[in-house]
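Report on the structure given below.
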Amino acid sequence: MGPTKVGRYAGLVELRCETDFVARNELFRGLATRIAQTAAYPSFDRSQNFTTPPAGRGLTTLPTAEMGQRELAPPETTAQTSLVDGSKGRETVEDGIVQVVGKLKENIVVGQVCSGEAEVRADDPTWSRVFAVATHGGESPFTGKYGALLAMRYRYLDQRNLAGTDPIPTAVQDLAARMARVVVGFAPQYVDGAEAAKAECTDDQAVLLNLSLLGQDKTVTEALELLEKEESVQLQVTGFVRHSI
Numbered sequence: 001m002g003p004t005k006v007g008r009y010a011g012l013v014e015l016r017c018e019t020d021f022v023a024r025n026e027l028f029r030g031l032a033t034r035i036a037q038t039a040a041y042p043s044f045d046r047s048q049n050f051t052t053p054p055a056g057r058g059l060t061t062l063p064t065a066e067m068g069q070r071e072l073a074p075p076e077t078t079a080q081t082s083l084v085d086g087s088k089g090r091e092t093v094e095d096g097i098v099q100v101v102g103k104l105k106e107n108i109v110v111g112q113v114c115s116g117e118a119e120v121r122a123d124d125p126t127w128s129r130v131f132a133v134a135t136h137g138g139e140s141p142f143t144g145k146y147g148a149l150l151a152m153r154y155r156y157l158d159q160r161n162l163a164g165t166d167p168i169p170t171a172v173q174d175l176a177a178r179m180a181r182v183v184v185g186f187a188p189q190y191v192d193g194a195e196a197a198k199a200e201c202t203d204d205q206a207v208l209l210n211l212s213l214l215g216q217d218k219t220v221t222e223a224l225e226l227l228e229k230e231e232s233v234q235l236q237v238t239g240f241v242r243h244s245i
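Just so we're aligned: 123 in full-length UniProt numbering is position 123 of the sequence shown, and the numbers increase by one with no gaps anywhere.
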């Protein structure tokens, strides 16, 4: 799994190979990060082959076929992850995969891809959105065999942030990150009891809000309620995705 999270944008990509040897390779991990960045940032794509989701979208699952034709996000400047000379012009996700396959001599396939953009929506201007990503089971913080992308929204109980221009509060971002790690670690199926009831699920441990934060003696619900009091905000987890390889 390759995640990316910068500011109000996030992406999570499932990139499959055949061996653990390749999965640990810097070229492979760099490609996973670039594809996740491609999913997260619509501005990287200048083609006309697909419709860019509107600003303020929630969690969006992107078709694999469309991802192949997106313009691949620029590589990092390090030698390990620089896969292509930028002077060669436009490079698609498919092009990047072909190049890495040629170097590593092993099949690489894009699986599930999810992204989110947390810009303020015109039809809901009082709420701001925040995303968090987490992985586990990899040799770096940026890749792993398990990955999660969590979406949350918040709004101040006073007049701040009505235009969505204030930075995301650090405490809100930190809690979102901790909840994403809970999703990775415990694999819940539903956000809250209402979702579980609709699916006729009676397992409390399948509900994210019922689970305990890792390393803490409080549940997700208790942590949300505490932060709401401390920061004078209203918080709501709006969804999450979890993928594993």
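Each residue gets a CB set at the ideal place from its N, CA and C atoms; glycine is no exception. Quick caveat, the model's predicted, so the values are computed rather than measured.
Item: Residues bridged to residue 185 (per DSSP); Value: None; residue 185 has no bridge partner.
Item: Sequence-distant residues of the same chain with beta carbon closer than 7 Å to residue 234, five excluded per side; Value: 154, 155, 157, 228
Item: Neighbourhood of residue 206 by C-beta distance below 8 Å, restricted to the same chain and skipping five residues each side; Value: 188, 189, 190, 196
Item: Rounded C-alpha distance that separates residue 33 from residue 107; Value: 18 Å
Item: Proximity winner among 102, 110, 71, 173, relative to residue 91 (alpha-carbon distances); Value: 71
Item: CA nearest to the CA of residue 202, picked from 193, 105, 16; Value: 193
Item: Residues near residue 21 in its chain [Cβ-Cβ closer than 8 Å; skip 5 each side]; Value: none
Item: Option nearest residue 245 by Cα separation, candidates 230, 75, 102, 112; Value: 112
Item: The beta strand (DSSP E) enclosing residue 37, as first and last residue numbers; Value: That residue, residue 37, is in no beta strand (DSSP E); its alpha helix (DSSP H) goes 26-40.
Item: According to DSSP, residues forming a beta bridge with residue 16; Value: 109
Item: Length of the line joining the Cα atoms of residue 240 and residue 150; Value: 4 Å
Item: Bridge partners - residue 242, DSSP secondary structure assignment; Value: 148
Item: Through-space distance from residue 212 to residue 218, alpha-carbon basis; Value: 6 Å
Item: Beta-ladder partner(s) of residue 71, from DSSP; Value: 92
Item: Contact belief for residue 152 with residue 236 at Cβ below 8 Å, rounded distance in angstroms; Value: 7 Å
Item: Residue 224 versus residue 127: straight-line alpha-carbon distance, rounded; Value: 16 Å
Item: Three-way DSSP call (helix, strand, coil) for residue 215 in this model; Value: coil
Item: Of the listed residues 209, 174, 94, 136, nearest to residue 130 (C-alpha basis); Value: 174
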